[in-house]
Structures are given as C-alpha cells and as structure tokens.
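Following: one structure in structure tokens, then a few remarks.
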Amino acid sequence: MIALILLCVQASAHWVRGVSPESQAVYQPDENGLWRCLGDPQIVISADKINDDYCDCPDGSDEPGTSACVGTQFYCANEGFSPGYIPWFKVNDGVCDYDVCCDGSDEPEGLCPSKCAEMHAAWEKENQKRDEIVRKGLEKKEKLAHQVFKKRSRLQHDLHQLESKIAELEHELHQLSKIRTYSQEENEIVAVFNDLTAKVEKLSEEASAKISQLQAQQDSLQKLENVLDTMNKEYNHNFNDPAVKAAAQAFQEHSVNEGLQRDKEQTPIDLGDAFAGLKHELEAAEIKLHKLVSKPASSNYRSTFKAMVNSFLGVARKPAEITSLIDAERRKNEIEDELKPLRKDQAAKQKQLDADYGPDNIFLAMNSCVRNKIGTYDYRLCFTDKLEQINSNGQATRIGRYERVEYDKNNHQIKLIYEHGDKCWNGPVRRAEVQVVCGVDDEIIAVTEPEKCEYSVKIQSPIGCFKD
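Residues -18 to -1, 1 to 450, numbered by mature numbering (1 follows the signal peptide of the UniProt record, and there is no 0), are exactly what the sequence shown covers, in order.
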C-alpha cells in the first residue's frame, strides 16, 4: 500500500525525500512553483530549494531529506518492514542506520543496500519465539491460577472452621463467666466445707461404732432380763431364800421403770457433744455463705451445702448437676489458652485473604524464591516476602520487604514494590521496584541502582504473560 501511494505521488506530483506519504501533499508547490514554509507561511521560497542542503525556513521544514537544519526528522519508508524516523544528524553521515532505516534511504543511493526483507524475517522469527514464550507462560500461569483458587478456597474453609471453633469456645467461656470465681473469703468457705466433710465422715464412723457397742450391750441386757424374768416367774415363793427373794423384787422394780427409760432414748454424752459442735459450725457457715454468695452463683453453694448436710443425715442426693467453681475456673483457663493460638491463626489467615496479591490474586501461588547472579552479587527474590542482595561471603543485605503490587491494566504491566530494607551507610533505607515481564520460568534478568539505595529490578515470570 505504501509503495502504491509513493508511486501515485511520484507520478502525479513532485516527490520529496524524507517525507512520509501522508505529508507529501503539504510539500507540493503552487501553480507558480512556489512553496510556503510550514512554520512560517509568510516566507515563500521556490520549490526547487526544498532539500537543497540549505535552511531557508526558520523551522527547517524546507530540508526534511538532508542534515542541513537542526531538529528535523527524516522519514524512512522501509518497504517490506516497518517505517520509521531518524534524526537529522544521522542523515547522509555515511553510516547505515539499519536499526531505524533498514532500507538505507537515509544515505546516498547505493551506499546502504536495503536489509528490510532480512530484518522482517528475523522479526517474524523473534515474534514467533515471543508468541511461544507467551503461550507456554500462559499455560503455567493457568496452573498457578488453579493453585490460587484452591489455596483461597482452603483458606476460606479453614477460616470458617476457625471462626466456628472460636465462637463455640467463646460461648462456653461466656457461660462459665456467669459463675463467679473464688474470692479469698469464698475460698475460706470452701475450706470450711471441706473440713466439715471430713468431720462428718469421722463422726459418722464414730456414731456407727457407738451404735454397734450400744446394740451389743442391749443384747446382753436383754438376755439377762430374760433370765431374771424366768426366775421371777418360776422360783418357789415358799422357799425362804433371802438372796433370791431380793433379786426377784429388784427385777420387778426394774421392769416398772423400763418403759420410762427407753422413751428417753439418750445418746452417749461424748457423741452428743460432737453433734452439737458440728451443728453450730454448720449454722455459722451457712450464715456466712448467704452473706458472701451472689445470686448467680448462690444456688451452687446452697446446693453444695445442702448436699453435705443430706450426706451427714443419710438423705439421698437429688439428681441435679452441681457446678464446681474450681473446675469452672480450670476450664476457663484451658479455653483462654486454647483461644490464643486459634485467634492468632485466624488473624493470619484473614490477613492472607485480605492482602494485595496482584491481578486475580496470582501472587498468592508464588510461595517460592528465585535466586540469580547479576554482576558481583547474587539476588534472592521471595515474591511476597523480601528481596535480598548476597555478597560473595554469603552475607545477605535486605533490600526491602514486599509492600504491594502495582498493575497497569491497560498495558498489562506489573510492578512489585519492596520497602523498608536495611539502611544504607550514611544514606537512606533501601527499597526496590521490580518489573515483571513475560517468561516461561522465574528469573532475575537485570538489577540497576538508578539512585543511591534505590534499586530497579527486572524479572521474567509466567505471571507477566497476558493474552493480547
């Protein structure tokens, strides 16, 4: 198309060297063969003075195809490849600038033969190579995206499990908090209860022993009474034996008083005193208990107190759960100890989910580091952690910690920012900007230091690959 336009222009009008086909029209003279300077239309020159290697126009617009005027740009058609512009000072300088003018049109004809066909072929080959890199990079990137999905799903699931567990423990902790923990005086009451329990058990044992002794004595007495009763009924009243007669009379008097004695049911003095003392202690403890215990927990103390008394009296306990304050306090401590690592883990996982991991959270899958030698140093980049410079002795200097991702969506450009590195001697704190370009593998390919302790790094990675 460009060649066709050039032919048409040359055939129909005056063709001007160094001017693009689109701009050829502005270089056509009028019917008198005159032409006006583009930047200064009041200046009119003869058309044959265009490209005569002399500046007639102040803006140099009359010399687009020579090096006579400063600041002009020479157009290279580069047929078969891509057109371009070369600055004025490279025109007619005897050097073939094939990187811009592959057709050699910036130099006199015959000096620089065109290499546009070869350059186009090389470009095509390089373009195919680049396309292959992008294709392979995108394949790896797709796998990374799948890893990101799985990792985020796992994080969300684990976080949900943690939140449920924490909520369950916090609910239990809230329920336990309703049971008031021991104060010093309450501990004294518990100690009194424990002491009274021991006394109750001891007195129960003593009471059982006394009752057994009393029962044995009553059995022996009953046997004696039976013997005396038989003698009283069967002995011969005509038999004049003063001793027997006195014994029978004494038994008769005992029998008359026996009913009165048994009605009294006396308890041995030592056992009675012990029971009286225990009763006094229980009553005193109950009074103090009612003064100390708050309403939410009082039912537990009263239940405990009542259970102790019932135990002493031999009354069976009612089927009710009695919450132990000591056990409750122990359980509260266990829950609080259990919650600490759970909450820490919850915060860490939430931070991971909320962090900036670039487009589509792709850097969430980058949990490895890459290390390459650039110049005299090794550089180690851990994508979402840190960037280090390592000298020949293996000593690492932290250039920065991962801070954020900057993504230019329009141009598909990714930049990683690392801040808060080690402080330079007599200088600022180190930092770095890392440009990510498309590559099949992760590799650090360039490191520069444009300003003191500020690093510019270029890496290649599948993360930098995008579909056109």
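The beta-carbon is built from N, C-alpha and C at its ideal position, and this holds for glycine as well.
So for residue i, helix, strand or coil by DSSP?
i	result
Ser43	coil
Ser87	coil
Arg312	helix
Lys449	coil
Asn373	coil
Glu13	coil
Arg134	helix
Ile25	coil
Ala149	helix
Val8	helix
Ala50	coil
Ser2	coil
Lys246	Only weak support exists for where Lys246 lies, its pLDDT of 48 falling under 50; the coordinates are left without a value.
Lys181	helix
Leu398	strand
Asp390	strand
Lys31	helix
Ile441	strand
Ile381	strand
Lys368	strand
Between residue i and residue j, which are expected to be in contact by the criterion C-beta below 8 Å, what is the C-beta distance as a whole number of angstroms?
i	j	result
Pro46	Val82	About 15 Å; that fails the 8 Å criterion.
Glu5	Gly15	For the record, residue 5 in the displayed sequence is Ser; it is not Glu. So it is not a contact: roughly 20 Å between Cβ atoms.
Ile396	Val418	4 Å
Gln328	Leu144	5 Å
Ser49	Asn74	5 Å
Val416	Ile356	In fact, because the Cβ distance is near 13 Å, the residues do not count as touching under 8 Å.
Ile68	Asp88	5 Å
Tyr361	Asn373	Wrong, their Cβ atoms sit about 11 Å apart, outside the cutoff.
Glu154	Ile317	6 Å
Report the residue from the options whose alpha carbon sits nearest the alpha carbon of residue i.
i	options	result
Asp12	His(-5), Gly(-1), Pro3, Glu100	His(-5)
Cys406	Tyr384, Tyr437, Val416	Tyr437
His156	Arg313, Gln199, Trp70	Arg313
Gly53	Trp70, Gln377, Ile25	Trp70
Leu363	Ala189, Val352, Ile308	Val352
Gly382	Glu370, Ser374, Asn392, Gly119	Glu370
Leu126	Asp423, Glu431, Ile427	Asp423
Lys333	Gln204, Glu425, Thr366, Ala189	Thr366
Cys39	Glu154, Tyr57, Trp17	Trp17
Phe131	Ile372, Gly403, Lys391, Leu335	Leu335
Thr379	Lys391, Met348, Arg413, Asn349	Arg413
Asp30	Glu100, Pro23, Tyr9	Tyr9
Tyr57	Pro3, Glu100, Gly92, Ala7	Pro3
Leu93	Ser190, Trp105, Tyr80	Tyr80
Gln55	Gly(-1), Gly403, Lys205	Gly(-1)
Asp450	Arg112, Ile25, Glu106, Glu100	Arg112
Looking only at its own chain, which residues have a Cβ that is under 6 Å from the Cβ of residue i, when we skip the five neighbours before and after it?
i	result
Pro341	Tyr389
Arg386	Asp338, Ile399
His102	Gly62, Phe63
Asp35	Thr48, Ala50
Leu120	Cys447
Asp41	Gly21
Val26	Leu16, Arg18
Please work out which residues of its chain come closer than 8 Å, Cβ to Cβ, to residue i, disregarding the five sequence neighbours upstream and downstream, and give them in chain order.
i	result
Lys123	Ile344, Pro444, Ile445, Cys447
Glu320	Leu151
Lys331	Leu137, Asp140, Leu141, Leu144
Lys147	Leu324
Val77	Glu89
Lys434	Cys406, Gly409, Pro410
Arg134	Leu335, Asn343, Leu346
For residue i, which residues from the same chain have a beta carbon less than 7 Å from its beta carbon, with the 5 sequence-adjacent residues on both sides left out?
i	result
His394	Phe448
Ser43	Cys19, Leu20, Gly21
Ala310	Leu158, Ile161
Ile427	Lys440, Ile441, Gln442
Asn60	Gly66, Cys83, Cys84, Asp85, Cys98
Glu425	Val352, Asn354, Ile441, Gln442
Pro95	Gly86
Cys420	Ile115, Val116, Gly119, Gln442, Gly446, Cys447
His402	Gly382, Arg383, Val411
Query raised in the report: Which runs of the beta strand (DSSP E), 3 residues or longer, sit entirely within the region 401 to 433?
Result: 413 to 420, 425 to 433
Query raised in the report: At which residue ranges does the region 53 to 132 contain complete beta strand (DSSP E) runs of 3 or more residues, listed in the order of the chain?
Result: 55 to 58, 66 to 69
Report task. Identify every run of the beta strand (DSSP E) within the region 317 to 363, keeping only runs that are complete inside it and at least 3 residues long; order them along the chain. Result -> 351 to 356
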